[in-house]
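Chemist:
Numbering (the numbering used here), first residue to last: 1046 to 1576.
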């Protein structure tokens, strides 16, 4: 007698109702588990553990480098040539190089005055600095307000230019590229870039330009971000923890070890020669800043990060805006990795060691592996093992490595250390979106070049006494199916873990389920967009 395939037998046997169906489902699960589920889950777990080890080694390395720099290395002004500009009676202001300051903006009603005012108040001889406001606004009212603000500063003797375009081709990269086509821009030796919510201190140029002026190998000087609204809500506190680690550890270690890091797109000064030699601004990805940085380093230029110089800016306090921002920040690097990996390998101007660092550490581990392993291991594989106890997870992979990585991230923001559990849950929820965006970038699907400008509300200048929860969302904005689906799955897994008396991960899974469900329902402590 001919035997039916297992799957066909299972499908045919699925008949009946009530208790019989439940029994059949259990029988089907029992038959599928050993030949299909266990091998697949074992392979997935192995891959996740390997990626976890890769991420762990990378985090430990960066932490050791940053700690060594903080404890033993000479100050930056002693490692690089540095001498502040001094007024010369005979030469006059000619000792100061020409500097262009670009301020790109798009419908920035809430912050345009802050950013333009901060740029115009930079301490630099008025005949040696050019302020360029690149306004891509589509709102005619905002456009008029920005132009009036520029005219106000021009009447005070500031050399400021208000530039507009007929279209938004290339978004920010397109605006910056168009701005450099003007004759007055080409005459400048350096260009500083500040997004619309960034407010540099008056001494910013005097603190950064000397490094570029006296160290001819440097192409970029990057300053650190200082968040004016980090106390606005719980979500901004979580962002502060992640970004503090990025600047204090990732940027510092990259600058000190390899003179390379990803340009943050703002609060930095470029040498015009380096920017031009790298091919200028390109709009092929949503991370035009990182794209330029990689191309410049392949031309042999070095970068310097100055953590002691801080530029005030605003964190997204609206969850929808934060999701769009994280999509761009996750999708763009993955897509850039896809486009540039062969160019990096073929390059002849940088050492093999630096190539490996850029490809493996900077791109693969931090921009791809970090997002995927966070979601797959902690939100999928570990909860699934509740249903498949035949697949054991080693304690070092489920406890020791995650704890060490978490502590290393939390140390960057000591004042928020007590929020570390909430930070873990929030980051795990966001890993769903980051993983999705990473795959979109790697495979160049339809949202690969999606660009949504992050909403800004003026940071600390707003009244923070208003309620932080916006209950006027549309239904489509209120419920996020992905988070809700994962939340329900985690809730079931945690309940089974508790019901079966395993008591391995049920507390963690329950907490993670609650985080997914809360965010999936839109109840996030964020400020209403129009408040």
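Backbone N, C-alpha and C fix where the C-beta goes; we use that ideal spot for every residue, glycine too.
1) Do residue 1259 and residue 1235 count as a contact pair if the criterion is CB distance below 9 angstroms?
2) Consider the C-beta atom of residue 1498 and the heavy atoms of the ligand GDP; say whether any pair is separated by less than 8 angstroms.
3) Under 6 angstroms Cβ to Cβ from residue 1319, same chain only, skipping five residues before and after it: list those, please.
4) Name the one or two DSSP bridge partners that residue 1390 has.
5) Quick check: residue 1422 and residue 1326, are their CB atoms within less than 9 angstroms of each other?
6) Out of 1435, 1494, 1491, point me to the one whose CA is closest to residue 1081's CA.
7) Which parts of the region 1100 to 1128 are runs of the alpha helix (DSSP H), unbroken and 4 residues or longer, counting only runs that do not cross its ends?
8) Jot down the residue ranges of each uninterrupted beta strand (DSSP E) in the region 1177 to 1216, minimum 3 residues, whole runs only, in chain order.
9) Decide if residue 1242 is buried, meaning its Cβ has at least 16 other Cβ atoms within 10 Å, or exposed.
10) Is the beta carbon of residue 1302 sitting closer than 9 angstroms to the one on residue 1350?
11) Taking the C-alpha atoms as reference points, what is the distance between residue 1433 and residue 1532?
12) Quick check on residue 1324: does DSSP put it in helix, strand or coil?
13) Buried or exposed: residue 1198, going by 16 or more other Cβ atoms within 10 Å of its Cβ?
14) Cβ atoms of residue 1554 and residue 1527: under 9 angstroms apart, would you say?
15) Would you tell me roughly how many angstroms separate the C-alpha atoms of residue 1361 and residue 1500, rounded to the nearest one?
16) Terminal residues of the continuous beta strand (DSSP E) containing residue 1400?
17) Going by the DSSP bridge assignment, what does residue 1348 pair with across the sheet?
18) Which two residues bound the contiguous alpha helix (DSSP H) that contains residue 1313?
19) Verify whether the separation of the beta carbon atoms of residue 1146 and residue 1174 is less than 9 angstroms.
20) Determine which residues share a DSSP beta bridge with residue 1149 and list them.
21) Just the Cα atoms here: how many angstroms apart are residue 996 and residue 1294?
22) Using only the alpha-carbon positions, how far apart do residue 1518 and residue 1364 sit?
23) Would you say residue 1143 faces chain B, with C-beta separation under 9 angstroms as the test?
24) So, helix, strand or coil for residue 1505, using DSSP?
25) Comparing alpha-carbon positions, which option in 1530, 1288, 1430 lies nearest residue 1083?
26) Might you give, ordered along the chain, the residues of its own chain that have their beta carbon closer than 6 angstroms to the beta carbon of residue 1205, omitting 5 neighbours on each side?
Modeler: Taking the geometry as given:
1) Contact flag unset, no.
2) The ligand content of the structure shown is nil, which means the ligand GDP is not present either.
3) 1264, 1341, 1346
4) According to DSSP, which records beta bridges pairwise, residue 1390 is partnered with nothing at all.
5) no
6) 1435
7) 1121 to 1124
8) Segments of the beta strand (DSSP E) lying fully in the region 1177 to 1216: 1205 to 1209.
9) Residue 1242 comes out buried.
10) no
11) One C-alpha to the other measures close to 19 angstroms.
12) For residue 1324, the three-state secondary structure derived from DSSP is coil.
13) If you draw a 10 Å sphere on the C-beta of residue 1198, you find 16 or more other C-beta atoms in it, and that means buried.
14) no
15) 7 angstroms
16) From DSSP, residue 1400 is part of no beta strand (DSSP E) but of the alpha helix (DSSP H) over 1397 to 1401.
17) 1265
18) Per DSSP, residue 1313 belongs to no alpha helix (DSSP H); it is in the beta strand (DSSP E), 1313 to 1316.
19) yes
20) 1179
21) Outside the displayed span of the chain (1046 to 1576) sits residue 996, for which this structure offers no information.
22) Here the model assigns residue 1518 a pLDDT of 44, short of 50, so the residue's position is not dependable and the matter cannot be decided.
23) In the structure shown, chain B does not exist; there is a single protein chain.
24) Any reading at residue 1505 needs caution, since the residue's pLDDT is 47, under 50, leaving its predicted position unreliable; the model's value is listed next. Residue 1505 falls in the helix class under three-state DSSP.
25) Relative to the Cα of residue 1083, the nearest Cα in the group 1530, 1288, 1430 belongs to 1430.
26) 1176, 1195, 1198, 1199
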